Structure formats: C-alpha cells, structure tokens
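So for the sequence shown, UniProt numbering puts the first residue at 1; every next one is plus one.
We put the CB at the ideal spot given by N, CA and C, even for glycine.
If you're wondering where the values come from, they're calculated on a predicted model, not measured in any experiment.
Right, one structure below, let's go through it.
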Amino acid sequence: MMKNDQGEYQQAVNLYKKTLEIYRKTLPEGDASLAPTYNNIGQVYNNMGEYSKALEYYEKDLEIAKKALPPTHPNLANSYNNIGLVYYNMGEY
C-alpha cells in the first residue's frame, strides 16, 4: 500500500499484479488469500480515476470473499462499500 499512498500508482499496480502472479502459481483459483490483493489493485485504480478497472478488481475481490466468508463477515461489507464508492465517484448514484 505504500506506493499507492505515495501516489506512485502504476508502480503499485505492477507490484500487486506481481503478487497475484506469485499467488496464482501456489494457490488454487478463488483462494481467499487472493481477495485482499484484488481489493488493493481496485483501490489503486480507483485512486487513479480508472473506475472500470477498479470495478473489475473490486468485483473479483467480492466474488472470492462471498465464497470464502460467512454472509455477515465485515470484509464483505468492505467489498460492497468499495464497489459503491466507485459508482459514487463515477456519479452513478
């Protein structure tokens, strides 16, 4: 998250995608450990104003989280919140 916080968005995306690449080699598809990285990539794209890409990654995070977590888990609320924030940022209320 540090590169994202420093405004080095493209470098942050590249590092997160490298993380996903490593995870995908060692974890099964849809493993719960992948969700936070998808969320982080979504956050960077949201910060960059690339909302369609942000939605793509936030929705992947949500898809994994819904399968891995109970329906009342706080991480699901965070996932829904992030998707809502993107729609808000796009002016789609």
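**OP:** Go ahead and label Gln10 buried or exposed: buried means 16 or more other beta carbons lie within 10 angstroms of its beta carbon, across all protein chains shown.
**Re:** Gln10 should be labelled exposed.
**OP:** Just mark Leu62 as buried or exposed, buried being the case when its beta carbon has 16 or more other beta carbons within 10 Å.
**Re:** Leu62 comes out buried.
Original post:
First and last residue of the alpha helix (DSSP H) that includes Pro71?
Top reply: Looking at the DSSP string, Pro71 is not in any alpha helix (DSSP H), and its letter there is neither H nor E.
Original post:
Just the Cα atoms here: how many angstroms apart are Thr37 and Tyr58?
Top reply: Distance between the alpha carbons of Thr37 and Tyr58 is about 10 Å.
Original post:
Smallest Cα separation from Ile64: which of Ser33, Lys17 and Asn14?
Top reply: Comparing Cα positions, the closest option is Ser33.
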